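A.B. asks:
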Amino acid sequence: MLANYSRSANALSSLLAQEGVEDKQVLKAIAETPRHAFIDDVLKHKAYENTALPIGQGQTISQPYIVARMTELLHLAGVRDKVLEIGTGSGYQTAILAKCFTKVFSVERIKALQWQAKRRLHQLDLYNVAMKHGDGWRGWHSQAPFDGIIVTAAASKVPQDLLAQLADGGVLLAPIGEQNQKLTMVIRKGDSFTEHVIAPVRFVPLIPGDIE
30 MLANYSRSAN ALSSLLAQEG VEDKQVLKAI AETPRHAFID DVLKHKAYEN
80 TALPIGQGQT ISQPYIVARM TELLHLAGVR DKVLEIGTGS GYQTAILAKC
130 FTKVFSVERI KALQWQAKRR LHQLDLYNVA MKHGDGWRGW HSQAPFDGII
180 VTAAASKVPQ DLLAQLADGG VLLAPIGEQN QKLTMVIRKG DSFTEHVIAP
230 VRFVPLIPGD IE
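The opening residue of the sequence shown carries number 30 in my numbering; numbering runs sequentially from there.
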């Protein structure tokens, strides 16, 4: 069974390469990460399809292409070291980030999801991730600044607290909008912020506050 899953992860990586993902480190991370470990048993047969899946609590595990593409975009923008993830969710995107960046900080508003994700990452021996239960809109002030910030839920506007936590030259990547969401890259240069729209996307909303 494990061999089958391993072949499936490799096949998914190959599919994403065909879809246009070129970053070798990202593709290697996809090939080496058991996506089925982040999904409930009833949906494991869909784990290596290029599609988003429900993970409970009204949340989803993102489409693998989006996970890979967002990670690749941070790399292309020059981010290598310290990354903040807003919305840990299942922990799958966190795992990919952990294999591509030196240190990952991840914030999740739903305590149960955060606990499950931490357990999964430890099972995969990924220990370069620090996790926090809290409001994603507020980020993680005490660990700022960050070279990169990746938001895995759609905000109605770019959260100002997150912009303030970007290092000079840092990059924020987030889906912005409500009905019409657009993956947006924001680059900080001193006190100036430049926005670039990447592509239309569809994410669950970034809700303020946290849930025990």
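Quick reminder that beta carbons are idealized off the backbone N, C-alpha and C, glycines included. All figures in this text were calculated on a predicted structure; none of them were measured in a lab.
Can you name the start and end residues of the beta strand (DSSP E) that K178 belongs to?
C.D. replies: Sequence index remark: in the sequence shown, residue 178 carries index 149 (1-based). Note on residue identity: the sequence assigns Ile, not Lys, to residue 178. Element bounds for I178: F175 to V180.
A.B. asks: What alpha helix (DSSP H) runs, 4 residues minimum, are completely inside the segment 115-163?
C.D. replies: As far as the segment 115-163 is concerned, its whole alpha helix (DSSP H) runs of at least 4 residues are 121-129 and 140-152.
A.B. asks: Among the residues of its own chain, which have a CB less than 8 angstroms from the CB of Q145, if the five just before and after it don't count?
C.D. replies: By 1-based counting over the sequence shown, the position of residue 145 is 116. Here the set comprises S119 and G120.
A.B. asks: Relative to the C-alpha of H170, which candidate in Q210, L212 and L195 has its C-alpha closest?
C.D. replies: Here the question's residue 170 lines up with position 141 in the sequence shown. If we check each option's Cα against that of H170, L195 comes out closest.
A.B. asks: Reducing DSSP to helix, strand and coil, say where S93 ends up.
C.D. replies: Taking the sequence shown and counting its residues from 1, the one referred to as residue 93 is at position 64. In the sequence under discussion, the amino acid at residue 93 is Pro, which differs from the Ser named in the question. Residue state, collapsed to three classes: helix.
A.B. asks: Enumerated in chain order, which unbroken segments of the beta strand (DSSP E) with a length of 3 residues or greater are wholly contained in the segment 37-98?
C.D. replies: List check, beta strand (DSSP E) in window: 82-85 and 88-90.
A.B. asks: Reducing DSSP to helix, strand and coil, say where Q210 ends up.
C.D. replies: As a working mapping, residue 210 is identified with position 181 in the sequence shown. Of the three classes helix, strand and coil, the one that applies to Q210 here is strand, per DSSP.
A.B. asks: Taking contact to mean 3 or more Cβ pairs, one atom from each stretch, closer than 8 angstroms, check whether the segment 180-192 and the segment 98-117 are in contact.
C.D. replies: With the cut-off at 8 angstroms, the segment 180-192 and the segment 98-117 touch.
A.B. asks: Going straight from the alpha carbon of P188 to that of I139, what length do you get?
C.D. replies: Counted from its first residue, the sequence shown places residue 188 at position 159. Counted from its first residue, the sequence shown places residue 139 at position 110. Answer to the nearest angstrom: the Cα atoms are 19 angstroms apart.
A.B. asks: Report buried or exposed for K111, applying the criterion of at least 16 other Cβ atoms within 10 angstroms of its Cβ.
C.D. replies: The residue labelled residue 111 in the question sits at position 82 within the sequence shown. When all chains shown are included, K111 counts as buried.
A.B. asks: If I measure Cβ to Cβ from P234 and keep anything under 7 angstroms in the same chain, skipping five residues before and after, which residues do I get?
C.D. replies: Your numbering for residue 234 matches position 205 in the sequence shown. Answer for P234: A182 and A183, listed in chain order.
A.B. asks: Return the residue from the list L56, P83 and L191 that minimises the CA-CA distance to A40.
C.D. replies: Locating residue 40 in the sequence shown gives position 11, where the first residue counts as 1. Closest by alpha carbon: L56.
A.B. asks: Could you work out which residue in K161, G198, W166 and K186 is closest to S135 when comparing CA atoms only?
C.D. replies: Sequence index remark: in the sequence shown, residue 135 carries index 106 (1-based). Comparing Cα positions, the closest option is K161.
A.B. asks: Does the Cβ of S221 have 16 or more other Cβ atoms within 10 Å, making it buried, or fewer, making it exposed?
C.D. replies: Working through the sequence shown from its first residue, we reach residue 221 at position 192. Exposed is the call here.
A.B. asks: Is R167 near D197, with beta carbons less than 8 angstroms apart?
C.D. replies: Here the question's residue 167 lines up with position 138 in the sequence shown. Here the question's residue 197 lines up with position 168 in the sequence shown. Their beta carbons are not under 8 angstroms apart, which means R167 does not touch D197 by this criterion.
A.B. asks: Along the beta strand (DSSP E) that carries L195, what are the first and last residues, could you check?
C.D. replies: Residue numbering aside, residue 195 sits at position 166 when the sequence shown is read from its first letter. Unbroken beta strand (DSSP E) run through L195: L195 to I205.
A.B. asks: Among residues of its own chain, excluding the 5 on either side of I90, which ones have a beta-carbon nearer than 7 angstroms to its beta-carbon?
C.D. replies: Along the sequence shown, read from residue 1 onward, the residue named residue 90 stands at position 61. Excluding sequence neighbours, I90 sits near F67, I68, A81, L82, I84, G118, S119 and Y121.
A.B. asks: Would you kindly work out how many angstroms separate the C-alpha atoms of P93 and H74, rounded to a whole number?
C.D. replies: Position 64 of the sequence shown, counted from the first residue, corresponds to residue 93. Position 45 of the sequence shown, counted from the first residue, corresponds to residue 74. Taking the straight line from one Cα to the other gives about 15 angstroms.
A.B. asks: Going straight from the alpha carbon of A38 to that of D239, what length do you get?
C.D. replies: In the sequence shown, counting from the first residue as 1, residue 38 sits at position 9. In the sequence shown, counting from the first residue as 1, residue 239 sits at position 210. A38 and D239: Cα-Cα distance of roughly 33 angstroms.
A.B. asks: Which same chain residues end up closer than 7 angstroms to K147 when comparing Cβ atoms and leaving out the 5 residues on each side of it in sequence?
C.D. replies: Numbered from its first residue, the sequence shown carries residue 147 at position 118. The residues are M160.
A.B. asks: What residues match up with F222 in a beta bridge as DSSP calls it?
C.D. replies: Position 193 of the sequence shown holds residue 222. In the DSSP output, where bridge partners are listed per residue, F222 has R217.
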